[in-house]
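**Student:**
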Amino acid sequence: MSAKEAYRREQSRQTQIITDAINKAITDTATQFEAPMMNAVAGALVAAQGHMLASVPKAHRKAMQSAMAKQLPRAIASAKGSASIAQTVTIGGKTH
Numbered sequence: 544m545s546a547k548e549a550y551r552r553e554q555s556r557q558t559q560i561i562t563d564a565i566n567k568a569i570t571d572t573a574t575q576f577e578a579p580m581m582n583a584v585a586g587a588l589v590a591a592q593g594h595m596l597a598s599v600p601k602a603h604r605k606a607m608q609s610a611m612a613k614q615l616p617r618a619i620a621s622a623k624g625s626a627s628i629a630q631t632v633t634i635g636g637k638t639h
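Position one of the sequence shown corresponds to residue 544 (the numbering used here), numbered consecutively onward.
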């Protein structure tokens, strides 16, 4: 296995572990409410993303944001089949 393949495999492994931990935290927190509002979950994820990006040196931050933006469509597509029922989200008076 090449160094690049090993790196990608390790990144994938760590990504899955962290994804599972975040999903568990959201699910466990939901026991405190009827259901977590999607707006609150989104806000928490954006805040966590902001904290993570703030820890990246400024010279590399834009590249990290770009890499994250490129991964989002794939993450949405892979989650579509496994997503549970979501609440209606209202943004700026428009229901989504």
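For every residue, glycine included, the Cβ atom is placed at its ideal position computed from N, Cα and C. The structure displayed is predicted, hence computed values, not measured ones.
(1) Using only the alpha-carbon positions, how far apart do Lys-527 and Ala-568 sit?
(2) If you measure from the beta carbon of Gln-575 to each beta carbon in chain C, is any gap under 8 Å?
(3) According to the Cβ coordinates, are Val-599 and Met-611 closer than 8 Å?
(4) With Pro-600 as the anchor, note down where its alpha helix (DSSP H) starts and where it stops.
**Tutor:** Here's the rundown:
(1) Lying before the first or after the last residue shown, residue 527 is absent from the chain, which here runs from 544 to 639.
(2) Absent here is chain C; the protein component of the structure consists of one chain.
(3) no
(4) No alpha helix (DSSP H) holds Pro-600; DSSP gives it neither H nor E.
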